[in-house]
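Numbering (this note's numbering), first residue to last: 244 to 513.
Structural data, given as structure tokens:
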């Protein structure tokens, strides 16, 4: 009986601990600071994903996501507070959701293939979610050029930030005398799941629906200049915030739910 109680206790995962909150506060502040360093490819591109990506690789999806949320809130307050009026929920969508994807990929894919897989997953996430952005925000006439520049810029930013994240993580593991990607050496008997099958199914359905809505809107008459107006118009900003942007939230939620299948990953950095 006592052994069962100890086993149950060892499999309890506490997400909002003092340590995690401190990490998120520090990494969030650094992410907000890096958002002020622009990449001269497309407007709005910065190196702010680097710190959150490090948190995602080294600590996990929880720290990676919330660090970026805090950093994104700082960026919006400093650079464009008006974005909160367009969509108050914007800080929870977009690149923070990409951190859950990267965190899952680098842990699930076998080493050393998890390194290029992590980079490609970030590039793929950006390309998939940025195409409807180009259509909704700029219109079909400018989409080919904007999408090409976004993919080029995204590839540069994601590659640099993921390399920084992986390099920083490897340095930290070396300092703490840990093996590279230490979750590979967690004993099978210590592996457990805190995931919920229904939540995984629901999140998967939501991911598909939100993607279908975003892409369907792009190919509908409602994305035309007659309805939304000129590129970067206020109507396009609202359409992007409430129709296109949630596509990222659907992806992030699904990967978070399947990430929880490995409670030992969360337990390891508790």
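Glycine is no exception: its CB is placed at the ideal position from the N, C-alpha and C atoms.
Check                                                                                                                                                                     : Outcome
Within the segment 355–385, note down every full alpha helix (DSSP H) run reaching 4 residues or more, in order along the chain.                                          : 357–381
Could you pull out every residue in the same chain whose Cβ sits closer than 7 Å to the Cβ of residue 316, ignoring the five residues on either side in sequence?         : 334
Give the straight-line distance between the Cα atoms of residue 367 and residue 343, rounded to the nearest whole angstrom.                                               : 14 Å
Provide the residue span of the alpha helix (DSSP H) that contains residue 478, from first to last.                                                                       : 477–482
When you compare only the Cα positions, how much space is there between residue 312 and residue 339?                                                                      : 6 Å
Helix, strand or coil: how does DSSP classify residue 289 here?                                                                                                           : strand
For residue 449 and residue 493, what's the separation of their Cα atoms in angstroms?                                                                                    : 6 Å
Taking only three categories from DSSP, how would you classify residue 464?                                                                                               : helix
In chain order, what residues of the same chain have a beta carbon less than 7 Å from the beta carbon of residue 415, not counting five sequence neighbours either side?  : 301
Shortest alpha-carbon distance to residue 291 belongs to which of 276, 299, 298, 303?                                                                                     : 276
Which same chain residues end up closer than 8 Å to residue 248 when comparing Cβ atoms and leaving out the 5 residues on each side of it in sequence?                    : Only weak support is given to the placement of residue 248: the predicted model assigns it a pLDDT of 49, under 50, and the question is left unresolved by the model.
Tell me which residues share the same chain as residue 510 and place their Cβ nearer than 7 Å to its Cβ, disregarding the 5 neighbours each side in the sequence.         : 256
Based on Cα-Cα distance, which residue from 463, 487, 461, 410 lies nearest to residue 453?                                                                               : 487
Please determine, among 330, 308, 303, 321, the residue with the shortest C-alpha to C-alpha distance to residue 485.                                                     : 330
When burial is assigned at 16 or more other CB atoms within 10 Å of the CB, is residue 362 buried or exposed?                                                             : buried
Since I believe residue 435 is in contact with residue 506 (beta carbons under 8 Å), could you give me their beta-carbon distance rounded to a whole number of angstroms? : 5 Å
Would residue 390 pass as a contact of residue 377 if the rule is Cβ separation under 8 Å?                                                                                : yes
If the criterion is Cβ atoms closer than 8 Å, does the pair residue 261 and residue 299 meet it?                                                                          : no
Going by DSSP, which residues form a beta bridge with residue 339?                                                                                                        : Per DSSP, none; premise fails for residue 339.
Output needed for residue 470: all residues of its chain with C-beta closer than 8 Å, excluding positions within five of it in sequence on either side, in chain order.   : 464, 478
Helix or strand or just coil, what does DSSP make of residue 422?                                                                                                         : coil
Pull up the DSSP beta-bridge partners for residue 281, would you.                                                                                                         : 289
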